[in-house]
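Report on the structure given below.
2 protein chains.
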Amino acid sequence: MTKPLRKPARTDPAAARDTVARDIATGAGTRQRALIAALALFDTQGVDATTIEQVRDAADISIGSLYHHFRSREGLVGALYEDLLERYRAVLAAELARHDTTRALLDAFVATHIDWSVRNPAAARFLAEHRHHPALQAAESRLQHGTTDFLHPLLLRLRPAMTAGILRPLPPELLLSLVIGPVQTWLRMQRAGHTSLKPAGAAQKLSDLIWDAIAVPVVIRKATARTAK
Amino acid sequence: MTKPLRKPARTDPAAARDTVARDIATGAGTRQRALIAALALFDTQGVDATTIEQVRDAADISIGSLYHHFRSREGLVGALYEDLLERYRAVLAAELARHDTTRALLDAFVATHIDWSVRNPAAARFLAEHRHHPALQAAESRLQHGTTDFLHPLLLRLRPAMTAGILRPLPPELLLSLVIGPVQTWLRMQRAGHTSLKPAGAAQKLSDLIWDAIAVPVVIRKATARTAK
DNA sequence: TTTATTCTAGAATTTTATTCTAATCGGCGC
DNA sequence: GCGCCGATTAGAATAAAATTCTAGAATAAA
Chain P
628 MTKPLRKPAR TDPAAARDTV ARDIATGAGT RQRALIAALA LFDTQGVDAT TIEQVRDAAD
688 ISIGSLYHHF RSREGLVGAL YEDLLERYRA VLAAELARHD TTRALLDAFV ATHIDWSVRN
748 PAAARFLAEH RHHPALQAAE SRLQHGTTDF LHPLLLRLRP AMTAGILRPL PPELLLSLVI
808 GPVQTWLRMQ RAGHTSLKPA GAAQKLSDLI WDAIAVPVVI RKATARTAK
Chain R
628 MTKPLRKPAR TDPAAARDTV ARDIATGAGT RQRALIAALA LFDTQGVDAT TIEQVRDAAD
688 ISIGSLYHHF RSREGLVGAL YEDLLERYRA VLAAELARHD TTRALLDAFV ATHIDWSVRN
748 PAAARFLAEH RHHPALQAAE SRLQHGTTDF LHPLLLRLRP AMTAGILRPL PPELLLSLVI
808 GPVQTWLRMQ RAGHTSLKPA GAAQKLSDLI WDAIAVPVVI RKATARTAK
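Chains as they are written, first to last, in the numbering used here: chain P, 628 to 856; chain R, 628 to 856.
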């Protein structure tokens, strides 16, 4: 009966804790509001447990609108995934571009991945836990190497280092597994509270250790104390 | 109108491809049939996309039975997770028990994890992708270190090697991240078809590389050509 | 202003999950 | 064998959620 017609308020200052959430909110169209609301709900209750109606209420839009912007419930999940992934990809690309040596590249990757994930817990968790979501298979499989799409640019920069004799010659999946695997696992544990280190410290340590796995080992000529640790 | 009453056939030879599925089928009560059917459907269509009714049809039982054995749809997912995890845990424990040196332990862990995962693709994928499922938080959080429950026995065996100076002194999360991270990531890529190595070869390679990351480095005294590659 | 298009709205419908009540089974004491 | 009992099976009934549909309103272009 009451017909509020269009919502006047276009900006919703609330619900912006993550930097990503704030970024999304900046645009603040209906679609964006839906995405922020969904991310918050997903993070709190899990994707399966949140209903379309909860999103509808949290974003304060109508079901019709929701279904206008997203094909379906799954479509919403997929859209959120792509949106977040794109944001992270941009951050990562910018960061990687500022480094040139192989070692610096590794450090930057690990540090950036961890830092962004810690700063955007909901987004990072969602991306990590829904890599496999069916609605994403399209996005995921249109990549070249691995399920971990955003890694491709990194691989392109790392490959030359292999032929240059800096990194061990390894098939790409192995190299990427060594680089990304420990980082993602550490983040999962960190989320679960099982960690003693602060993010920056962990990033440093992880880079060091990963480096020893992927770099061509340096032969120490004399018994010079190179203080391995 | 037709009342088939009880199903006479208790063994369902079909649907047993994975060794796990076969194991489950051996018991072959109603509950077990539901679990096998669910695993197959989940693997094919994803958890979200499969309905209770599909499970009901595939397992050829009634809805009443299903809800008698599982509290809810989520309860089914949780039960499946626990069942599969327990099976894997048993295999792993048995395998780890046969080795004593730290290096052999690492090799065994990596090889076993990869081997089991490749032999039981549906089970492995389900376990990997639903670590975070809400119904599992209980199971997951009743562990000591990390989200990765089954790792705890491994950690117990690895810890002494740190104090013995064989492994680098590291906080447990870091050590475990280095060990399990690359393996899980490689498996994900393998599932996606992005791999050139066969499982056994990858396992060997991964152990070698992980070892270089976690072991205390050996200092080479003379400039002997150790041909790094 | 007109018109086409995009967006919003919410009732109506369909699909899916869950509950409820009534059997049926398989054993156990007698 | 008989009758009872808890565990299990059945499927109809109900509740909850997702999706579709039709209509109306904003927006932009002409």
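Cβ coordinates follow ideal geometry from the N, Cα and C atoms, glycine included.
For S823 (chain P), the chain R residues whose Cβ falls inside 8 Å of its Cβ are P798, E800, in order along the chain. Under DSSP, A731 (chain P) shares a beta bridge with no residue. Rounded to whole angstroms, the Cβ separation of I741 (chain R) and L814 (chain R) is 7 Å, and the two are in contact under 8 Å. Between D710 (chain R) and I679 (chain R), the alpha-carbon positions lie close to 19 Å from each other. The beta carbon of I837 (chain P) falls within 8 Å of a beta carbon belonging to chain R, placing the residue at that interface. By the Cβ test, the region 800–817 of chain P is in contact with the region 826–834 of chain P, since at least three Cβ pairs between them sit closer than 8 Å. By the rule that beta-carbons nearer than 8 Å mark a contact, Q811 (chain P) touches chain R. The beta carbons of I841 (chain P) and L778 (chain P) sit no closer together than 8 Å. When DSSP states are grouped into helix, strand and coil, L782 (chain P) belongs to the helix group. For E709 (chain P), not one C-beta of chain R is nearer than 8 Å to its own C-beta. Between L668 (chain R) and H695 (chain P), the alpha-carbon positions lie close to 30 Å from each other.
Under the 10 Å beta carbon count, T677 (chain R) is surrounded by 16 or more other beta carbons and is classified as buried.
Counting the other CB atoms within 10 Å of its CB gives Q672 (chain R) a total below 16, which places it among the exposed residues.
Between the alpha carbons of I690 (chain P) and R698 (chain P) lies a distance of about 12 Å. For the 8 Å CB-CB criterion, R758 (chain P) and D670 (chain P) do not form a contact.
For the C-beta of I807 (chain R), the chain P residues within less than 7 Å are, from N- to C-terminus, T812. With a cutoff of 8 Å on beta-carbon distance, R784 (chain R) and L712 (chain R) are scored as not near each other. Put simply, the CB of L833 (chain R) is near chain P, with a gap under 8 Å to one of its CB atoms. In the three-state scheme derived from DSSP, where H, G and I count as helix and E and B as strand, L794 (chain R) is classed as strand. In the assembly as shown, V845 (chain R) is an exposed residue. Its beta-carbon has fewer than 16 other beta-carbons within 10 Å.
Note that the region 781–799 of chain R touches the region 718–732 of chain R; at least 3 beta-carbon pairs, one per stretch, sit closer than 8 Å. In this structure, DSSP gives A819 (chain R) a state outside helix and strand, which the three-state scheme calls coil.
DSSP places A842 (chain R) in the strand class (E or B) of the three-state scheme. Judged by DSSP in its simplified three-state form, I688 (chain P) adopts coil rather than helix or strand. Inclusion of A706 (chain R) and V682 (chain R) in the CB contact set at 8 Å is not warranted, their separation being larger than that value. By alpha-carbon distance to H760 (chain P), the top candidate from P:V674, P:Q659, P:L666 is P:V674. Counting only residues of its own chain and dropping the five nearest sequence neighbours on each side, W838 (chain P) has a CB closer than 7 Å to the CB of R730, L733. Interface flag for E756 (chain P) against chain R is set, since a Cβ pair is found closer than 8 Å. DSSP places F777 (chain R) in no alpha helix (DSSP H); its state is neither H nor E. Using a Cβ-Cβ cut-off of 9 Å, D734 (chain P) is close to nothing in chain R; its nearest Cβ partner there is about 15 Å away.
Sixteen is the threshold: since fewer than 16 other Cβ atoms of the shown chains lie within 10 Å of the Cβ of A717 (chain R), the residue is exposed. Within a 10 Å sphere around the beta-carbon of A724 (chain P) sit fewer than 16 other beta-carbons, which makes this residue exposed. For a Cβ distance threshold of 7 Å, nothing in chain R lies close to A749 (chain P): the least Cβ distance comes to about 13 Å. In this chain, the alpha helix (DSSP H) harbouring F669 (chain P) covers 657–672.
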